[in-house]
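Right, one structure below, let's go through it.
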Ligand SMILES: Cc1ncc(COP(=O)(O)O)c(C=O)c1O
């Protein structure tokens with residue numbers, strides 16, 4: 445599947461390399477706290493300094509997520525979010541931003557029930573660039589990974605501290621776009637990763653692949669983001685954004701005038717820290 | 041798909057039973073799951089492992105469990121000759137201990153020191169806490185907050201046995217959420233922790249491994265009936281939550297074409313009410329907790345909250361092998377409502393002096409319907425998977441009384 449155009453993800457990592465800095469990947473949950481506010485947040489992210497965007501697809505049983513992202517998913521579902529609405533939201537975002545890569549992150553069941561072929565066609569049409577599906581290891585590649593690659597979507601695999609050198613090639617085989625290194629054994633938003641160990645792990649992965657490596661899970665503050673980004677191609681921040689959404693809501697759980705601006709402010713701080721990381725040429 | 045002339049060869053190498061099963065888990069867990077698969081493969085082929093199991097099954101669990109001719113129930117219903125396979129007489133009061141013993145011995149072989157489990161009715165939690173006490177292992181049991189409330193006696197038992205019981209307050213606060221939380225624990229503590237799953241669900245190899253550990257129920261049943269009746273059964277019936285007691289009884293007989301097999305799903309307030317736990321009758325295939333199987337969910341693939349009077353059946357899925365046996369029409373899955381189960385509960389207590397767990401009271405509820413339609417020489421075996429002491433508060437409340 446060689447394409448004459450580089451994908452948005454490849455193009456973005458190429459321009460980051462040209463700028464000589466690591467990237468900031470931000471995660472938000474689609475439809476949290478409601479569809480309109482969530483789209484407003486999404487549209488504001490690139491301007492605040494997000495280089496790539498992960499859009500979480502809400503699921504009732506997110507077994508790899510910690511309390512913050514679990515709660516965000518439940519808020520979104522309560523507000524009526526569906527996979528179809530999430531795709532529509534990406535399409536609306538894409539109408540105003542042709543360059544920022546959008547990656548859907550979630551669990552397989554909503555996609556399986558939507559229908560894999562229909563989903564891939566609709567995601568492509570909406571302007572989705574890649575997929576991160578937590579509960580599809582390489583052992584299940586025929587389910588979605590291979591059809592996605594065929595449909596022209598990057599399938600971004602998670603590598604973890606438990607993925608040893610023996611297993612790494614299998615994990616990387618059909619990975620496209622970038623590799624997502626999970627910096628801790630644990631759920632999203634849990635323990636803080638150790639920057640030194642993370643950069644060693646990234647170096648280990650890079651011996652097996654030319655793809656960029658982004659690092660996430662447990663990164664919360666601008667300082668942590670900068671420290672992790674120094675040893676990787678990009679750093680992912682999720683629970684902290686979702687937590688900022690929650691903290692901005694009124695007592696009924698509804699969005700307030702602060703909701704979008706609080707998230708924007710947080711992302712600006714993270715972006716400034718990450719952009720301050722100088723790259724040795 | 042089933043090219044061989046057998047229903048007993050599954051799963052394939054990758055854990056598939058027809059379209060069901062598989063390994064839908066986070067990458068962090070995959071190396072552990074592959075290591076478990078390998079360790080189980082080796083243990084299974086090792087006569088020393090089997091001998092160790094057999095010793096504890098005989099002297100600690102109390103096997104073989106009796107098979108008992110329910111004479112008054114048979115007379116009352118006026119049809120099939122009904123036998124009860126008395127799994128409730130095992131140590132800890134249910135069939136769950138058969139599986140836990142196997143997994144704990146395997147965990148010891150693998151050098152794991154910390155055991156985690158999910159539990160609904162608390163029977164699996166009690167069995168796990170029991171064997172952890174016996175072998176000096178740390179034990180953490182995840183239990184939905186709703187179930188902690190309705191199965192209090194078992195919570196107390198687990199604590200007495202030295203386990204920590206963690207009430208789970210996310211989602212529907214029942215079995216499925218307990219399983220989510222156990223998986224989150226396992227992802228976090230991959231190195232030292234063994235996840236002891238309580239039913240024939242989860243990523244491969246769990247559904248096959250748990251089935252193997254439970255299959256002793258069917259093997260004993262065949263031998264015991266042979267001794268008492270000079271022949272095997274005509275029908276089998278068992279309640280299905282995840283499906284471990286049911287497959288334990290069924291597996292031995294899947295290739296006996298003349299044996300009719302019934303699995304009983306919890307129908308709660310009735311299928312049309314939407315408040316039930318009958319994944320096959322009321323669900324469709326989806327992916328949850330590591331496997332593809334029939335699930336209760338909405339049109340967007342969001343998992344529905346199950347409902348059953350029985351905490352052990354209150355789960356929106358079912359083990360993948362049952363989904364396969366339904367697809368190929370080898371086993372018939374029937375729904376049984378809360379009130380039918382309560383009727384079964386009371387009938388067995390009054391006629392046979394046996395108070396069943398609410399889970400297997402669902403099987404009795406369907407026996408009341410099916411047995412009268414059979415001839416008097418029809419041999420029907422019911423799996424009495426557990427005893428009902430844990431359920432007396434729930435039953436009292438539903439019958440409008442107090443304990
Ligand atoms: C006595 C008893 N029977 C049945 C079940 C349902 O589980 P399974 O379908 O795996 O046998 C339970 C589960 O808690 C139980 O305690």
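Protein chains in written order, with this note's numbering: chain A, 445 to 725; chain B, 41 to 443. Ideal placement from N, C-alpha and C gives every residue a C-beta, glycine not left out. Given the structure is predicted, the values throughout are model-derived calculations rather than measurements.
Within chain B, 67 and 68 have C-beta atoms less than 7 Å from the C-beta of residue 604 of chain A, given in sequence order. Residue range 154 to 159 is occupied by the beta strand (DSSP E) that includes residue 158 of chain B. The beta carbons of residue 689 of chain A and residue 679 of chain A sit no closer together than 8 Å. Excluding its 5 nearest sequence neighbours in each direction, residue 299 of chain B has C-beta neighbours in its own chain below 8 Å: 272, 273, 274, 275, 276 and 293, listed in chain order. When beta bridges are read from the DSSP output, residue 330 of chain B appears opposite B:64. Under DSSP, residue 126 of chain B shares a beta bridge with B:424. Here residue 216 of chain B carries a helix assignment [DSSP, helix/strand/coil]. At a cut-off of 8 Å between beta carbons, residue 629 of chain A contacts chain B. Taken atom to atom, the span from the alpha-carbon of residue 539 of chain A to that of residue 533 of chain A is near 10 Å.
Within the same chain, 305, 307, 311, 318 and 321 come within 6 Å of residue 375 of chain B by CB-CB distance, once the 5 residues on both sides are set aside. If you look at residue 575 of chain A, you'll find it in the beta strand (DSSP E) that goes 574 to 577. Taking 7 Å as the cut-off between beta carbons, the residues of the segment 630 to 659 of chain A near chain B are 630, 631 and 634, in sequence order. Residue 171 of chain B has its Cβ no nearer than 7 Å to any heavy atom of ligand 1. Apart from the 5 residues on each side of it in sequence, residue 188 of chain B sits with its Cβ closer than 6 Å to the Cβ of 195 and 207 in its chain, given in chain order. For residue 253 of chain B, the enclosing alpha helix (DSSP H) stretches over residues 246 to 254. DSSP places residue 87 of chain B in the uninterrupted alpha helix (DSSP H) bounded by 87 to 96. For residue 210 of chain B, the three-state secondary structure derived from DSSP is coil.
Contact residues of the segment 507 to 525 of chain A toward chain B are 507, 508, 514 and 521 (C-beta to C-beta distance below 7 Å). Within the same chain, Cβ atoms closer than 7 Å to the Cβ of residue 380 of chain B are found at 405, the five residues on either side in sequence being excluded.
In this structure, the alpha-carbon of residue 168 of chain B lies about 13 Å from that of residue 101 of chain B.
Secondary structure within the segment 313 to 373 of chain B: the alpha helix (DSSP H) runs of 4 or more consecutive residues, fully enclosed, are 319 to 322 and 360 to 367 (chain order). Close to chain A, meaning a Cβ-Cβ distance shorter than 8 Å, are the following residues of the segment 197 to 213 of chain B: 210 and 211.
Contact annotation for residue 527 of chain A against chain B: 340 and 341 [CB-CB distance below 8 Å, chain order]. The alpha-carbon of residue 498 of chain A is positioned some 16 Å away from that of residue 525 of chain A. At the C-beta level, residue 626 of chain A and residue 660 of chain A come within 8 Å of one another. At the C-beta level, residue 125 of chain B and residue 421 of chain B come within 8 Å of one another. Short of 6 Å from the beta carbon of residue 394 of chain B, and not among the five residues preceding or following it, lie these beta carbons of its own chain, in chain order: 388. For residue 323 of chain B, the CB contacts under 6 Å within the same chain, skipping 5 residues up- and downstream, are 334, 335 and 336 in chain order. Among the residues of chain B, those whose CB is under 7 Å from the CB of residue 615 of chain A are 67, following chain order. Taking 8 Å as the threshold, the shortest C-beta distance from residue 611 of chain A to chain B falls below it. Per DSSP, reduced to three states, the secondary structure at residue 99 of chain B is helical. Collapsing the DSSP output to three states places residue 70 of chain B in a helix. Nearest CB-CB separation between residue 109 of chain B and chain A: not below the 8 Å threshold. Closer than 7 Å at the C-beta level to chain B, one finds no residue of the segment 455 to 480 of chain A. If you check the C-beta of residue 682 of chain A against ligand 1, you find no heavy atom less than 7 Å away. The Cβ of residue 552 of chain A sits closer than 8 Å to at least one Cβ of chain B.
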